[in-house]
Every structure is written in structure tokens, then in C-alpha cells.
Amino acid sequence: MKPSCIPIALVSLLAVSTAASAQSRLSVYGRMDLGVRYAPDNLAVSPARDWTVSSGSTARIGFRGEEVLTPDLSANFRFEHRFKADTGEVDGSPFWKQVATVGLTSKAYGTVFVGRMMSPQDYLGVSGRFEAFDGDTYAASVTRGAKAAAKWDNSVFYISPKIGGFTVHLAAAAGEGIRRRAEGFMLEYARGPLTVAMTHAVEQDPVAGAGAGNAVATTTLAGHYAFGAVIPMFTYGQSEDTGASDEGRERVLTVGARIPAGPGEIRLSVRRLRDDRLNGVDHALDTASDRVGLGYQYRLSKLTSLNLSLVNDRLETFNADGSSKSDRTGRGFELTLRQIF
């Protein structure tokens, strides 16, 4: 499809939504989240700060539909586009970057999706529900799944019914001659105030120097517990066998909390990331990062909020022999207006 045809296609989808709803349930959803930021552009290069118009979270528009086939069985689809609201540009590739799936849901046997889908880690494993800032804003600890891929192309995803508080997710993605085949799972327990999720996946190693077919294994653990309205939470991700020689490792730990205060929430997040011979050979690609985020979400309504983020970031890079190459600390803040629909 030519780029000039894409907006026409989106308008056409909106135009037929009323007719489609006579046969099935169709919903359109999305988000805009823009404001100002004063922070380093790239701490690996310099701690110098600058003013920018920033996206607290990537803008998006999505379409979700469901058709009831029998009292037990329904068909569904979902596709979602991401874009840069400050410029209107497409946020990378592919066009339907977040998700593009079709599936069947049985109340008795669970759900099967096929298409481009979030990986087990990204979907519900160490997703924003376990991160104080929901995975959004400048203060969010966005790197939570170590070297796990966020999205899987050509995937098949199964979600079991919830039994005794437990839900099982199984996923696989075909390599189709381009990359290694991916396989993974997620086990979740959710009952009362406690939710815990564990994932494990083996997939194509994304580290520079790792050849096609080279595998990386990532395991994550995450959870939160509601002490009344206060919700502490954590995520931990560890990737093993990174790099060409499968000797590298990355570990990421985040802890945080959401605390009601006035008409909104105080949000606190701390992230610690450590690499060890990430390229499998030496320390040339290794980093050590510590980030502290403090913020406040002021709710103007159920759909609109102001989001303040204050950040203190430390980033150390290394030479091949493990000696320090650079060690910088940067501070910044961001204030955005977010509206969802």
C-alpha cells in the first residue's frame, strides 16, 4: 500500500464501523500524549540537557472487533498503528507495529491468536501493569524484559481459561528463513490483591554479532500486591547466552509503587540494569544503568490526565577489557497531557 493511501484506508475503516457493528462489535481506541521535556538527549554521549516537545507515550490508533458465533465461541481481531504525534510520522516499521491478529475465543477452552503479537514477556509478563508509570512517560523503566523482543511476527498465541487463579500462555513464532524460530510461555497467578507472572522464551539473539539462528533465552518474574489503595510492584528480567559465543548476560530489576494522593497518584520507580560480556566476547557493548523516577498523575477525568516525571539517570559504558569508558549522570523532567479514547 502506498503511504498516501494509508490515511484513506483509516478513514474508510471508520466510515464502515456503523455498518460492521450490525454484524459484530467493532471499537476504535487510541491515545495522544504530548508535552515538554527538559533532559539529556543521549546520556551515552553527553549529560547536556535541552528542551523538546516530547511524547510521554507513543501515539496510537487501533481497531478491535468481535463476533459471537455460538454461546461458547467468538471470533475476534485487533490491529494497532503507532505514530509520532509531535511530527505525524509513522513510528518505525511495520505500519501495524503494535499488533495485527485474528483469533478465536472459547469460554471453555481459551483463546488462540495468529499474526503479529506482543511476545510473552511484553504482553503480560513484565508489561506496564507491573511498572509504576504503566510503562509510559519519561520516568518509566522501559527496559524491563532484558533482551527479549517486544513483538513476534508470524506467531501463534494461546491463552488458557483462568482456573483456580492460574492462567497459562503459550506462544511460538516462525522464523521463515529470516531468524530463529521463537518459543515461549507465561504462567500467571491472580487472586485477590496478588498478581504474579513468570515467563520464559527462547528466540533470535538481537545482540550485534550474533548470527541468524543464534538463540537467546530470557526469563522474567513480576508481581504486584494491593495494600488497600497502595500498590507496590516489581519486575526482574534475565537474558542468557547472548552474543556470538553465547556467553553474555543481561539482568534488569525494577521496583516501584503507586500511591493515591489527592485527585491522582504519586508514582515511584527504580531500575537497575547490568550487562556481563553482552556480545559474548568482551565488555565493549556492556552498560550499567541506574534510573530513579518520581512522578505524579493528575486525573482531569477518566480519559484525560496530566503526567509529571522527574528523573535521575546514571549510565556507565565499558571498554573491551572491562575498564570504565564513560560514567555520566543526567537529570530531567517532563510534563505531558494524555488523552485516551
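Numbering-wise, the sequence shown is residues 132 to 472 according to our numbering.
Beta carbons: idealized from backbone N, C-alpha and C, even for Gly.
Integer-rounded CB distance, given that residue j should sit under 8 Å from residue i
| i | j | result |
| --- | --- | --- |
| Ser-370 | Ala-302 | The Cβ separation is near 17 Å, so there is no contact. |
| Leu-425 | Leu-466 | About 13 Å separates the two Cβ atoms, so there is no contact after all. |
| Ala-341 | Ala-375 | 5 Å |
| Gln-428 | Arg-398 | 6 Å |
| Ser-272 | Thr-236 | The Cβ separation is near 32 Å, so there is no contact. |
| Arg-162 | Ile-362 | The Cβ separation is near 22 Å, so there is no contact. |
Cα-Cα separation, residue i to residue j
| i | j | result |
| --- | --- | --- |
| Val-176 | Ala-270 | 20 Å |
| Arg-445 | Pro-292 | 43 Å |
| Asp-406 | Ser-258 | 21 Å |
| Gly-234 | Tyr-169 | 43 Å |
| Lys-228 | Ala-190 | 12 Å |
| Ser-457 | Arg-380 | 20 Å |
| Arg-408 | Asn-207 | 44 Å |
| Glu-319 | Met-364 | 15 Å |
| Ala-348 | Asp-222 | 28 Å |
| Asp-372 | Gly-276 | 15 Å |
| Ala-357 | Ile-309 | 43 Å |
| Arg-209 | Gly-219 | 22 Å |
| Ile-192 | Ala-216 | 11 Å |
| Arg-422 | Thr-274 | 11 Å |
| Arg-469 | Asn-450 | 41 Å |
| Glu-378 | Pro-337 | 14 Å |
| Trp-182 | Ser-188 | 17 Å |
| Ala-304 | Leu-325 | 31 Å |
| Val-184 | Ala-353 | 32 Å |
| Glu-473 | Ser-186 | Look at the range of the chain in this structure, 132 to 472, and you will see that residue 473 is not part of it. |
| Ala-313 | Pro-251 | 11 Å |
| Thr-268 | Thr-366 | 18 Å |
| Tyr-240 | Ser-436 | 38 Å |
| Gly-196 | Thr-232 | 11 Å |
| Lys-238 | Ser-155 | 18 Å |
| Gly-315 | Thr-298 | 14 Å |
| His-355 | Glu-447 | 30 Å |
| Arg-459 | Glu-307 | 42 Å |
Cβ shell of residue i (< 6 Å), same chain only, five flanking positions each side left out
| i | result |
| --- | --- |
| Arg-311 | Gln-335, Gly-344 and Ala-346 |
| Gly-256 | Met-317, Ala-328, Thr-330 and Thr-351 |
| Arg-382 | Gln-369 and Arg-405 |
| Gly-453 | His-414 |
| Phe-214 | Ala-190, Val-221 and Asp-222 |
| Pro-391 | Ala-360 |
| Tyr-160 | Gly-193 |
| Val-199 | Ser-205 |
| Ile-290 | Gly-241, Thr-242 and His-300 |
| Pro-254 | Looking at the sequence provided, one finds Tyr at residue 254 rather than Pro. Correct list: empty, nothing qualifies. |
Own chain residues within Cβ distance below 8 Å of residue i, not counting five before or after
| i | result |
| --- | --- |
| Ser-135 | Confidence at Ser-135 is low in this model, with a pLDDT of 44, below 50, so its placement is unreliable and the value that follows should be read with caution. Nothing meets the Cβ criterion. |
| His-339 | Per the sequence presented here, residue 339 reads as Ala, with His not at that position. Counting only Cβ-Cβ distances below 8 Å, and skipping sequence neighbours, we find Asn-410 and Leu-416. |
Beta-carbon contacts of residue i that lie in its chain and below 7 Å, excluding the five residues immediately before and after
| i | result |
| --- | --- |
| Ala-179 | Pro-171 |
| Leu-144 | Reliability of the predicted coordinates at Leu-144 is poor, the pLDDT of 42 falling under 50, and no value is obtained from them. |
| Val-230 | Arg-209, Phe-210, Glu-211, Arg-247, Met-248 and Met-249 |
| Ala-321 | Gly-296 |
| Pro-394 | Tyr-429 and Arg-430 |
| Phe-244 | Thr-232, Gly-234 and Phe-288 |
| Ser-455 | Glu-447 and Phe-449 |
Assigned exposure category for residue i - 16 Cβ within 10 Å defines buried
| i | result |
| --- | --- |
| Ser-432 | exposed |
| Leu-434 | exposed |
| Leu-157 | buried |
| Gly-166 | buried |
| Thr-201 | exposed |
| Asp-164 | buried |
| Asp-203 | exposed |
| Ser-224 | exposed |
| Gly-323 | exposed |
Test: residue i CB closer than 8 Å to a CB of chain C
| i | result |
| --- | --- |
| Phe-472 | Chain labels in this structure do not include chain C; a single protein chain is all it has. |
query = Can you find at least 3 beta carbon pairs, one from the segment 253 to 266 and one from the segment 412 to 420, that sit closer than 8 Å?
reply = The segment 253 to 266 is not in contact with the segment 412 to 420.
request  = Assess, as a yes-or-no matter, whether the segment 452 to 465 is touched by the segment 428 to 443 under the definition of 3 or more beta carbon pairs within less than 8 Å.
outcome  = With a cut-off of 8 Å, the segment 452 to 465 and the segment 428 to 443 count as touching, because enough Cβ pairs lie within range.
query = Does the segment 383 to 401 come within contact of the segment 280 to 287, defined as at least 3 CB pairs closer than 8 Å?
reply = Verdict: no, contact absent.
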